[in-house]
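Have a look at the structure below before the remarks.
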Amino acid sequence: MKAMGPIPPEFVVPGHERLQLGGTDFAEVVGDEPTPVFAYDRSVIRRRVEQFRAAMPREVALHYAVKANPYGPLLAELSGLVDGFDLASLGELRQVQAALATGAAPEGSHLPLSFAGPGKLDEELAAGLESRITFQVESEGEFERVVRLAAGREQGRGGRPRLAVRVNPPFGLKGSGMKMGGLASQFGVDHEAVPGLVRRIVEAGAEWRGLHVYAGSQSLSAEAVSEMQRATVALAGEIAAEVGLSPPEVNLGGGFGIPYFPGDKPLDIEAVGAALKETLAARPAILRDTKFVIELGRWLVGEGGVYLTRVIDRKVSRGKTFLVVDGGLHHMLAASGNFGQLLRRNYPVAVAHRRGAEAEEEVTVVGCLCTPLDLLGDEVMLPRAEVGDFIAIFCAGAYGRTASPEAFLSQGAAREVLV
Ligand SMILES: *Cc1c(COP(=O)(O)O)cnc(C)c1O
1 MKAMGPIPPE FVVPGHERLQ LGGTDFAEVV GDEPTPVFAY DRSVIRRRVE
51 QFRAAMPREV ALHYAVKANP YGPLLAELSG LVDGFDLASL GELRQVQAAL
101 ATGAAPEGSH LPLSFAGPGK LDEELAAGLE SRITFQVESE GEFERVVRLA
151 AGREQGRGGR PRLAVRVNPP FGLKGSGMKM GGLASQFGVD HEAVPGLVRR
201 IVEAGAEWRG LHVYAGSQSL SAEAVSEMQR ATVALAGEIA AEVGLSPPEV
251 NLGGGFGIPY FPGDKPLDIE AVGAALKETL AARPAILRDT KFVIELGRWL
301 VGEGGVYLTR VIDRKVSRGK TFLVVDGGLH HMLAASGNFG QLLRRNYPVA
351 VAHRRGAEAE EEVTVVGCLC TPLDLLGDEV MLPRAEVGDF IAIFCAGAYG
401 RTASPEAFLS QGAAREVLV
């Protein structure tokens, strides 16, 4: 038997043995439509936003990193809850624009947009200039390209380019799943070169929007996140002092993790908020009027998503029971352990109609792809499931469908619903 990660608390509803999504029985959510399906529970996402607002200093803005999940109805929902969207491609810009145009997002149409990413195409820069979004400039070369493109546009169209500098900091987020910073990096401009680039931005007549530091992701340590935020504020103060200008905005990055695996404990967001209050109260005078932003992906939407896949076969091989499901790593790569994990561990998994029942047998849940990599639950203890029953894989709201090789084995896409 191997352990699995914790089921997010919102789905462990006392008195309900069957899995509920947004107060509705999962079977109603699935309906008669094809499976598998990603179901995103808006009440969980709303709850995370409320938790963030309650814990963080009031002046800190919350942005959503669209990369985590660009599903249109989810973006429309979030547009009424967050203070901005962070984009990483023209495709994401189009998704956000489409979501805001549906009318489901009346308050969202004025949200600030920013665009980070090391390989922005000319086409992306041009579209971003047109939409007046802020670019997180990642290199000198990119700065030169965006200024050239802006100069080549029709006179008077769109105004000055809005440029922030993404900084490659001399530190990383300790213990984060994916360490960035403190090293050579394709992301951002080495911190010692940032003051020079800011001067060039100002001299070129562009609007300097500030600084962006993204030092890591998936941290469950309040101490590590707080230390990164302190270091970021200090670094921003030093850069500002060297340039002699106050940055209008400093994006502190994110890095807030969620529990996926056995033994993982939720990030103590109150502790992060309390430490950030102190950090901001003690900030250098040159940052007095600076607006601070935190950008989050998985922490906002990861735990609200459940991947529901139907059992299509039960088989025993040499004493081991396998549940074969109609989904797999082509939809939910991360649950198979192949999304950058060093070690394969089990995501939280349940039998949907018996979520609250006693576990009674050890099973290995495998996807339908013809590869041994397609393993969704390895030797987990579950209540008995028969052919036709649904397996729920939790923590599927971020880096699920769009972070998986959907075309692999030509099995087709999963459905998505917001409930
Ligand atoms: C991926 C990314 C995020 C979101 O990361 P999460 O771990 O999902 O919160 C935020 N900012 C930048 C710059 C990113 O590249």
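The UniProt record's numbering numbers the first residue of the sequence shown as 1 and each following residue consecutively.
Note that the Cβ used here is the ideal one computed from N, Cα and C, for glycine as well.
- In the structure shown, His212 falls within a strand segment according to DSSP collapsed to helix, strand and coil.
- The three-state secondary structure of Ala164, taken from DSSP, is strand.
- The C-alpha of Arg415 is placed about 19 Å away from the C-alpha of Val351.
- Relative to ligand 1, Gly304 has its C-beta separated by 8 Å or more from all heavy atoms.
- In this structure Val243 does not touch Pro169 by the C-beta definition: roughly 16 Å separates them, more than the 8 Å allowed.
- Annotated as proximal: Gly397 and Val44, with beta-carbon spacing under 9 Å.
- Counting the other Cβ atoms within 10 Å of the Cβ of Thr290 gives 16 or more, which makes it buried.
- Taking C-beta atoms as the reference points, Tyr64 and Val82 count as a pair closer than 9 Å.
- In the assembly as shown, Thr24 is an exposed residue. Its beta-carbon has fewer than 16 other beta-carbons within 10 Å.
- Glu227 carries a helical assignment under DSSP once its states are collapsed to helix, strand and coil.
- A straight-line Cα-Cα distance of about 37 Å links Asn251 and Val13.
- In this chain, Gln186 is not harboured by any beta strand (DSSP E), its DSSP state being neither H nor E.
- About 6 Å separates the CB atoms of Arg209 and Leu163; that is less than 8 Å, so the two are in contact.
- Inclusion of Arg298 in the 8 Å shell around ligand 1 follows from its C-beta lying nearer than that to a non-hydrogen atom of the ligand.
- Short note on Ser185: C-beta not closer than 8 Å to any heavy atom of ligand 1.
- If you draw a straight line from the Cα of Gly91 to the Cα of Pro118, it is about 15 Å long.
- Leu300 is the residue among Glu207, Leu300, Met228 whose C-alpha sits nearest the C-alpha of Arg53.
- Residue pairing of Phe292 in beta bridges, as defined by DSSP: Val60, Val250.
- Ser404 has no beta-bridge partner at all, per DSSP.
- The Cβ atoms of Val365 and Val417 lie no closer than 9 Å to each other.
- Between the region 223-243 and the region 274-285, the count of Cβ pairs shorter than 8 Å is three or higher; the stretches touch.
- About 25 Å separates the beta carbons of Arg153 and Val189, which is beyond the 8 Å limit, so they are not a contact pair.
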